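Residue numbers (the working numbering): 111 to 208.
Okay, structure coming up:
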């Protein structure tokens, strides 16, 4: 695929297989990709506001996958699925629970 992005700190680089999962074939720059993803994320926020979730729902693997699909499903075919490649966490992320 013709996507050759320059990544900034904190962004996960995409391997070729992941790039093949792009649904919108006209995207050719990182800025365009960011815009489409942002629009999709805004729709996911609307989706989440309209629903009531229980704590038990939040704490499930299925919820995480559903939320990811809502956030990126209009842009990526692999949205809502776990990665098949290892992606290191950015060094600035320091979750206390890890």
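In this text, a Cβ means the ideal position worked out from N, Cα and C, and glycines have one as well. As the structure is a computational prediction, the values presented were derived from the model and not from experiment.
Open item on the list: Pop quiz: residue 143 and residue 129 are said to be a contact at Cβ under 8 Å. What is the actual Cβ separation, rounded to whole angstroms?
Closed with: Numbered from 1 along the chain shown, position 33 holds the residue referred to as residue 143. Numbered from 1 along the chain shown, position 19 holds the residue referred to as residue 129. In fact, because the Cβ distance is near 10 Å, the residues do not count as touching under 8 Å.
Task: Buried versus exposed, by CB contacts within 10 Å (16 or more), residue 185 - done: Along the chain shown, one-based indexing puts residue 185 at 75. With 16 or more Cβ atoms within 10 Å of its Cβ, residue 185 is classed as buried.
Open item on the list: Output needed for residue 131: all residues of its chain with C-beta closer than 7 Å, excluding positions within five of it in sequence on either side, in chain order.
Closed with: In the chain shown, residue 131 corresponds to position 21, counting from 1. Once the five neighbours on either side are set aside, the close Cβ partners of residue 131 are 186, 187, 188.
Open item on the list: residue 163 and residue 140 - do their beta-carbons sit closer together than 8 Å?
Closed with: Indexing the chain shown from 1 puts residue 140 at position 30. Indexing the chain shown from 1 puts residue 163 at position 53. No; because the gap between Cβ atoms is not below 8 Å, this pair is not in contact.
Task: Cβ-based burial, residue 208 [other Cβ within 10 Å; buried from 16] - done: Indexing the chain shown from 1 puts residue 208 at position 98. Below a pLDDT of 50, predicted positions are generally treated as unreliable, and residue 208, at 48, falls in that range; the measurement from the model is reported next regardless. By the 10 Å Cβ count, residue 208 comes out exposed.
Open item on the list: Given this structure, state the Cα-to-Cα distance separating residue 127 from residue 191, to the nearest angstrom.
Closed with: Taking the chain shown and counting its residues from 1, one reaches residue 127 at position 17. Taking the chain shown and counting its residues from 1, one reaches residue 191 at position 81. Distance between the alpha carbons of residue 127 and residue 191: 14 Å.
Task: Close-in-space but distant-in-sequence residues of the same chain around residue 146 (CB under 7 Å, 5 per side omitted) - done: Locating residue 146 in the chain shown gives position 36, counting from the first residue. So the qualifying residues of the chain are 134, 137, 185.
Task: residue 124 beta carbon less than 8 Å from that of residue 154 - done: Against the chain shown, residue 154 aligns to sequence position 44. Against the chain shown, residue 124 aligns to sequence position 14. No, these two residues do not count as a Cβ contact at 8 Å.
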